[in-house]
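Asker: Structure incoming, see below.
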Amino acid sequence: MKKYVLFLCCCITFLAGAQNELSLKYSLMPWPKEINENSEKFLIHEDLTLSINAEDTGRVYGKAVTFLRRLADRSGVFIKEGLPVLGKKGSIQISFDTVSNLTVNEDESYFLYIDEKGVQIKAITDVGAMHGLETLLQLVQKNELNYFFPGVVIKDAPRFVWRGLMIDVARHFQPLAVIKRNLDAMASVKLNVFHWHLTDDQGFRVASKVYPKLQKLASDGQFYTHEQLKEVVAYAANLGIRVVPEFDVPGHASALLAAYPELGSKEGYNHSIERFAGVFNPTLNPIKDGTYEFLNTLFTEITPLFPDVYFHIGGDENEGKHWDESKEIQAFKIANNLKSNHDLQTYFNIRLEKILNNLGKKLMGWDEIMTPNMPTTAVIHSWRGPQEGMLEGGTLIAAAKAGYQTVLSNGYYIDRMLPVAHHYATDPIGNSKLTKEERALILGGEATMWSELVTPQTIDSRIWPRTAAIAERFWSPKEVNDVENMKLRLRAVSARLEALGITHIKNRDLLLRNMSDYKEISSLKVLSNICEPLKVYSRNKGGTEYSSFSPLTLFADACVVDAEDAVGFKKAVVFLSKDRTKSNLGAVLAYLEIWSENDRNFNKISNTPKLALLKPLSKNLSELASFLITAFKKKSISSKEYAKALINIEIISKPFMDTEVAIAVPLNNLIMYCQEHFLSE
Ligand code: ACM
1 MKKYVLFLCC CITFLAGAQN ELSLKYSLMP WPKEINENSE KFLIHEDLTL SINAEDTGRV
61 YGKAVTFLRR LADRSGVFIK EGLPVLGKKG SIQISFDTVS NLTVNEDESY FLYIDEKGVQ
121 IKAITDVGAM HGLETLLQLV QKNELNYFFP GVVIKDAPRF VWRGLMIDVA RHFQPLAVIK
181 RNLDAMASVK LNVFHWHLTD DQGFRVASKV YPKLQKLASD GQFYTHEQLK EVVAYAANLG
241 IRVVPEFDVP GHASALLAAY PELGSKEGYN HSIERFAGVF NPTLNPIKDG TYEFLNTLFT
301 EITPLFPDVY FHIGGDENEG KHWDESKEIQ AFKIANNLKS NHDLQTYFNI RLEKILNNLG
361 KKLMGWDEIM TPNMPTTAVI HSWRGPQEGM LEGGTLIAAA KAGYQTVLSN GYYIDRMLPV
421 AHHYATDPIG NSKLTKEERA LILGGEATMW SELVTPQTID SRIWPRTAAI AERFWSPKEV
481 NDVENMKLRL RAVSARLEAL GITHIKNRDL LLRNMSDYKE ISSLKVLSNI CEPLKVYSRN
541 KGGTEYSSFS PLTLFADACV VDAEDAVGFK KAVVFLSKDR TKSNLGAVLA YLEIWSENDR
601 NFNKISNTPK LALLKPLSKN LSELASFLIT AFKKKSISSK EYAKALINIE IISKPFMDTE
661 VAIAVPLNNL IMYCQEHFLS E
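Read in order, the letters of the sequence shown correspond to residues 1 to 681 in this note's numbering.
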């Protein structure tokens, strides 16, 4: 009998990889390494309690308390006395062996078991246990009567030890609240490194007591105090997240040099905070001892605020123009047999590494720092694609093969506004052949949120939900790679992120209300659901050049990648072109009906300078949608109607207000379909 019950309980075993039944049932993200299902369930009820097996630093206790809050909010159950107690008495029992020091190789695995009697979470470290609690929250299910945890057994552990999100707070400053809510979201998808890009041409965001001109002259008053930095580091640590700060040198230094121009490379240059986006010339002077004294003093002051051993020095995009324009620097290069500016930068990096090593830090930099003379003690952060003469696999693989620890961001630039499928398909290792030692040097990856085009109002919609899919790429086995399955789960993840405080959904309405001068926005929403921000930085090219104080409440800011109706419509058109069934046609017509009606509503609100440029989009879209509806209903079009449709689509295919109309291609396909099947002469 016992055997029979066991057989029933463990009836299905699903390993990660293939798209399977369980990944259609449970919106877990990242998908676990191994999940088995049994036929039981644990009801979420008012007497539910939590227990912790060991004294912890308060981290697991804190997590358990927020778990209770989130569980009650999600389920609507009035939990009476759930607070965690010490010892094995709770209906949700959490146990772990040690407290993690949050170093790079800490164990993060966990085991989760659910049956009708309760839930057990077991882990080696407290951070592993906290991951188990996040998974448990993702498992909440409901039927008509109850919310419950389904009976599952999960054995989970990450594929990569470094799973990061970088946020640039220099181009547009991001207050503490933005950082904290994004840390919460990171923890919910098991990201464990917050890379804080703190300085750049447009601002130096850290206060210094020894160099107070940094906050006075290099930050526009928008900087973090030491107390605030410590607060964020502690907040992150409580979530099991390491903080790696970045101070970008020797380039990207316009702001720093606005405060301390004596450290610049070009004599007499009038340094100021940069207002535009791009790559600029102001660069620290690498031949002056004063530069190293300054950095030594500054880093001596700053490094104790950041307990993590990794310290990012940027090092990217230094074209060395101001070095070329300095006779002294040229003479120094010759005297020291430094043949190129790369060699000179390596000289700078090696001196900087000594300073950081003395402060107990490990130097990390963008992949430009990987030059032949750079010691392999440095950590290479790969952001560019393969460079000339490099083996397949780009700078990440080249770095590992050369003996450097390395982290990948190429392919995870979320500010490029590329679809989630693109990032999801980027695997850090791909098919590269690596030895065991080389593989161990590949620590993982980071999504990068550069902030040239975001404010606190819009940053969340650029990070989320796509970063959750990237988190899965870093955590889950490589074989978890079914895009459609991921997208299904991502819908649920996106809603949960909003519940957690991320503003990516609700702020879109806020921006549209602003655009319409607080009128009814449904017609504007229809348009924003089919338009996507221009991709790969083309928004900031040509026509409009955005600067620090340009508006970022425009139509493009309210639009997102993978625009919802565009995605749905594309699919519907594919189905229709394969098979013209009544239901496939109905799905396409449902979209067309909305668009055909939309211009009438849009005209009620469009008489404002902020919306005038959308009028041609709205008008041509409605005309084209009406044409297509009639064509499919009458199964006949005239050449005159066809010619008009071609004009409509030509207009719609152009960018509008820094967005592209993401349905232009499927609309064009429908016109072609009509031409082929319905054109009567
Ligand atoms: C970079 O994107 N310049 C690292």
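Every residue, glycine too, gets a C-beta built ideally from N, C-alpha and C.
(1) Quick check on E597: does DSSP put it in helix, strand or coil?
(2) Measure the beta-carbon distance from H422 to D460 and round it to whole angstroms, keeping in mind my assumption that it falls under 8 Å.
(3) Along the chain, where does the alpha helix (DSSP H) containing E532 start, and where does it finish?
(4) Heavy atom of ligand 1 less than 7 Å from the Cβ of D316, yes or no?
(5) Is any heavy atom in ligand 1 found nearer than 7 Å to the beta carbon of W383?
(6) Around the C-beta of G278, are 16 or more other C-beta atoms found within 10 angstroms, so that it is buried, or is it exposed?
(7) Taking the alpha-carbon of Q222 as reference, which of P282, I594, G82, I273 has the nearest alpha-carbon?
(8) Would you mind stating whether Y404 and A378 have Cβ atoms separated by less than 8 Å?
(9) G118 by DSSP, collapsed to three states: which one?
(10) Just the C-alpha distance for A16 and F149, rounded to the nearest angstrom, thanks.
(11) Along the chain, where does the alpha helix (DSSP H) that runs through L396 open and close?
(12) What three-state label does DSSP hand Q228 in the structure shown?
(13) Quick one: any contact between the region 672–680 and the region 637–653, if contact means 3 or more CB pairs under 8 Å?
(14) Just to confirm, does W366 get its C-beta within under 7 Å of one of the non-hydrogen atoms of ligand 1?
(15) Based on Cα-Cα distance, which residue from I92, I605, S39 lies nearest to E46?
(16) Classify Q138 as helix, strand or coil using the three-state DSSP reduction.
(17) I'd like to confirm something about I442: is its beta-carbon nearer than 7 Å to some heavy atom of ligand 2, or not?
(18) Threshold first: 3 residues or longer. Then list the beta strand (DSSP E) segments lying entirely within the region 229–286, N to C.
(19) Among N485, N668, K478, R513, which has the Cα closest to the Cα of K570?
(20) Can you have a look at T283 and say buried or exposed, based on whether 16 or more other CB atoms are within 10 angstroms of its CB?
(21) Using a Cβ distance threshold of 8 Å, determine whether the region 256–275 contacts the region 302–314, with at least three qualifying pairs required.
(22) Taking the alpha carbon of I687 as the point to measure from, which residue in L408, Y518, C674, W450 has its own alpha carbon closest?
(23) Going by Cα to Cα distance, which pick from I647, E134, T125 is closest to K63?
(24) Would you check if the region 484–504 and the region 33–48 touch, i.e. whether three or more CB-CB distances between them fall below 8 Å?
(25) With a threshold of 8 Å, are at least 3 pairs of Cβ atoms found where one atom belongs to the region 143–162 and the other to the region 201–210?
(26) My assumption, with CB atoms under 8 Å, is that N601 sits in contact with S523. Please give the rounded CB distance.
(27) Let me make sure I understand the geometry here. Which of N607, K327, A258, K619 has the alpha-carbon closest to that of K213?
(28) Classify D156 as buried or exposed, calling it buried when 16 or more other Cβ atoms lie within 10 Å of its own Cβ.
(29) Does DSSP put N20 in a helix, in a strand, or in coil?
(30) Here's the rule: buried if 16 or more other CB atoms are within 10 angstroms of the residue's CB, otherwise exposed. What is L670?
(31) Would you say E108 and G128 are within 8 Å of each other, going by their C-beta atoms?
(32) When you compare only the Cα positions, how much space is there between T659 and K635?
(33) Report the partner residues of I442 according to the DSSP bridge assignment.
(34) Report back the beta-carbon spacing between I52 and L86 to the nearest angstrom; my notes put them in contact at under 8 Å.
(35) Taking the straight line between their C-alpha atoms, what separation do you get for K321 and H252?
(36) Check the DSSP bridge columns for V379 and list the partner residues they point to.
Answerer: In short, the structure shows the following:
(1) helix
(2) Their Cβ separation, rounded to whole angstroms, is 20 Å, which puts H422 and D460 out of contact at 8 Å.
(3) Element bounds for E532: not the alpha helix (DSSP H) but the beta strand (DSSP E), 531–533.
(4) yes
(5) yes
(6) exposed
(7) I273
(8) yes
(9) strand
(10) For A16, the pLDDT reaches just 45, beneath the cut-off of 50, and the residue's location in the model is therefore unreliable, although a value from the coordinates is still provided. Each residue's alpha carbon lies about 20 Å from the other.
(11) 394–402
(12) helix
(13) yes
(14) yes
(15) I92
(16) helix
(17) Judged by which ligands are present, ligand 2 is missing from the structure shown, whose ligands are ligand 1.
(18) 242–246
(19) N668
(20) buried
(21) no
(22) The question about residue 687 has no answer here: the residues shown for the chain are numbered 1 through 681.
(23) E134
(24) no
(25) no
(26) 4 Å
(27) A258
(28) buried
(29) coil
(30) buried
(31) yes
(32) 33 Å
(33) T406
(34) 6 Å
(35) 13 Å
(36) M364, Q405
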